[in-house]
Amino acid sequence: MNDPYVTSVAQLKKIAEILKLPADVVERLSVHDKFLEVHFPVTMDNGAVRMFTGYRAQHSNARGPYKGGIRFSPFVNQSEIRALSMWMTWKCSIADIPFGGGKGGVIVDTKQCSSAELEGISRAYIRAIHAIVGPDKDVPAPDMYTTPEMMGWMADEYAKIVGEYTPAMITAKPIEKGGIEGRTEATGLGGFYVLQNLAERERLDPKQTKVAVQGIGNVGYYIARYAHDAGYRVIAIADSRHAIKNDQGIDIDTAVEFKKSHGSFEGMPGATVISNNELLALPVDVLIPAATENVITSENAETIRAKYILEMANGPVTDEADAVLEREGVVVIPDVLANSGGVTVSYFEWYQNMHREQWTKEKTFSELKKKIDSAFDAIYSYKKENSVSFRMAAYAVGVSKVVEALKNNS
Ligand code: GLU
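Letter by letter, the sequence shown follows residues 0 to 409 in numbering that gives the first Met the number 0.
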């Protein structure tokens, strides 16, 4: 059984050995500063009142306010939220933004809810956790199945509670509510900048580089499109039901348009339908899991034929699979670097709100590129100098800065 929190602590312990961290530091970072569980009522469209369960984990604020998304999913559980919040601590440190790690979630299947019900849940959740969030305390954002619109409802509800509009309490808001231009593209674009750095260092010619992307949501769509536009051969893409493949390359916008008008990728001219598992096993140069966690496991790790895996989802490769891939020489560029573009632009939004500024998309993208380039450089150099995996190098860079910030802080 893959328990995400157990995995996150095991990873920390591995890093602690490499960095020779004292036991008390490991003990401190293995637990969360705070973990809140809330239960709240919401009136549904049929007039019935339903109880919901939500969480907010605050792992560490050694480097700044807690930061991290809120996911709405029927599978949300304590272990997952704890692990994800610890990973946010490392991610913010790697991205070199002044935040710690947090994560939240509500157990709900958004597909079964109307917009009015989702609004009710968003508002009730923020009422339930409002005392522990705020611009200098904990700054949430979207994650799986949550949207800018929901962030807008939460910002609005928070404003009612505290009596003043406080846009910096949450990020990835709609533009008219203090959001930043470019946040929608940010995670995918950040991943594309990581891919560009990788191609440069490993001498990959984009035109000869075959890419497969699993997931065509916000993250998968943008990385696939930026890669395609830059000349990479994106030969396969997938939504949760079907994958399609064309060895000559897929035009992403045409495929997405086709899906919109036909309801699925099935029957798209010039493309063969394959299963999601077949997509993962394609002999591509770069495999990009951009959908959900735990898609590459001990069950299918041996079937992977990609040279590189760029983790755009959080935790798409399990710990056991990671060991198999390492043995097989598959290079995994970890989520904490690969998808850090999202939280980096969240930081820019928070900064913009705190300083009453309005950034242009150009400025946002060029600042994002600088952050990604320097994070990549630091991790790549560490990896080369210490002959460790990309993941271990990323964690070493991230964890050591948090440990530094914890000094004299007891
Ligand atoms: N949920 C995203 C992540 O896992 C973004 C978090 C944020 O913007 O705070 O990185």
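Cβ coordinates follow ideal geometry from the N, Cα and C atoms, glycine included.
For Pro268, the three-state secondary structure derived from DSSP is coil.
Annotation: Lys258 to Trp152 spans about 29 Å, alpha carbon to alpha carbon. Residue range Gln77 to Ile93 is occupied by the alpha helix (DSSP H) that includes Leu83. Secondary structure note for His58: its beta strand (DSSP E) is the uninterrupted segment Val48 to Ser59. Going by beta carbons, Asn76 and Glu319 fall outside the 9 Å limit. Taking a C-beta distance under 9 Å as the contact criterion, Ala254 and Ile243 qualify as a contact pair. Leu309 is bridged by DSSP to Ile332. For Leu281, the closest alpha carbon among the candidates Asp95, Thr302, Thr271 and Thr42 is that of Thr302. Glu79 is positioned such that its CB atom lies closer than 9 Å to that of Pro3. Glu292 is positioned such that its CB atom lies no closer than 9 Å to that of Ala322. In the same chain as Gly181, and ignoring 5 residues on each side of it, the C-beta atoms closer than 7 Å to its own belong to Val344, Lys360, Thr363 and Phe364, in chain order.
Looking at the DSSP output, Val37 shares a beta bridge with Gly53. With respect to the C-alpha of Pro40, the residue from Asp32, Lys33 and Arg49 having the closest C-alpha is Arg49. Around the beta carbon of Ala47, fewer than 16 other beta carbons lie within 10 angstroms, which makes this residue exposed. Distance check between Val161 and each of Pro147, Pro134 and Glu184 places Pro134 closest, using alpha-carbon atoms only. In the DSSP assignment, Phe71 falls outside any alpha helix (DSSP H) and within the unbroken beta strand (DSSP E) covering Tyr65 to Ser72.
Of all C-beta pairs linking the stretch 82-96 to the stretch 111-131, fewer than three are shorter than 8 Å, placing the two stretches out of contact. Under the three-state reduction of DSSP output, Lys136 falls in the coil class, being neither helix nor strand. Considering only Thr317, Lys66, Met149 and Leu11, the residue with the shortest C-alpha distance to Ile131 is Lys66. Residue environment: His31 is assigned as buried (16 or more neighbouring CB atoms within 10 Å of its CB, all protein chains considered).
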